[in-house]
Amino acid sequence: MTALRPYLIRAIYEWIVDNDMTPYILVDAESEGVNIPRQFVQDGRIVLNLHPEAVVNLLMGNEELSFQARFGGTPTQVQLPIHTIQAIYAKETGKGMVFDEEMDSDSPPPEPTPAKEKEKKPKRPTLKVVK
Numbered sequence: 293m294t295a296l297r298p299y300l301i302r303a304i305y306e307w308i309v310d311n312d313m314t315p316y317i318l319v320d321a322e323s324e325g326v327n328i329p330r331q332f333v334q335d336g337r338i339v340l341n342l343h344p345e346a347v348v349n350l351l352m353g354n355e356e357l358s359f360q361a362r363f364g365g366t367p368t369q370v371q372l373p374i375h376t377i378q379a380i381y382a383k384e385t386g387k388g389m390v391f392d393e394e395m396d397s398d399s400p401p402p403e404p405t406p407a408k409e410k411e412k413k414p415k416r417p418t419l420k421v422v423k
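Taking the numbering used here, the leading residue of the sequence shown gets 293, the next gets one more, and so forth.
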């Protein structure tokens, strides 16, 4: 089964841009495969502006997000494995989505317990007349 995260990232990105806001992503900069300018990393993370006017050749695949942008006036190719993106949100409102590690796991969600079983109270003892 394909991962859900890349589809959510693309959908939220489109929603943010359609509403004339600025899409930001929060990236785990310490993960393997992240190609970003290290001088802008703070506490192992970096926030990147993905506004269409700020990036060139934006590609959002199922495995990787890549684009070209300027950092301190220097053109840079950025490559990020999708699993390193921790959040996508609108700069102006903060609305978006934060991702957790469990989102991409293949394990099914836990089975819900039926409501009747939760509400079941232990039976009270009863007495019977025996002859």
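For glycine and all other residues, C-beta sits at the position ideal for the given N, C-alpha and C.
Sub-9 Å separation of residue i and residue j beta-carbons
i: I317; j: I301; result: yes
i: I374; j: E356; result: yes
i: D335; j: T376; result: no
i: G325; j: Q371; result: yes
i: F391; j: A382; result: no
Residues bridged to residue i (per DSSP)
i: G386; result: None; G386 has no bridge partner.
i: N327; result: Q371
i: F359; result: V370
i: Y381; result: Y316, G388
8 Å contact criterion, which residue i and residue j should meet: CB distance rounded
i: P315; j: L342; result: 4 Å
Backbone secondary structure at residue i - three-state DSSP
i: F391; result: coil
i: L419; result: coil
i: L300; result: helix
Nearest-angstrom Cα separation, counted from residue j out to residue i
i: Q293; j: E322; result: Position check: residue 293 holds Met in this sequence, whereas Gln was assumed. The alpha-carbon atoms of M293 and E322 are separated by roughly 27 Å.
i: R362; j: A346; result: 8 Å
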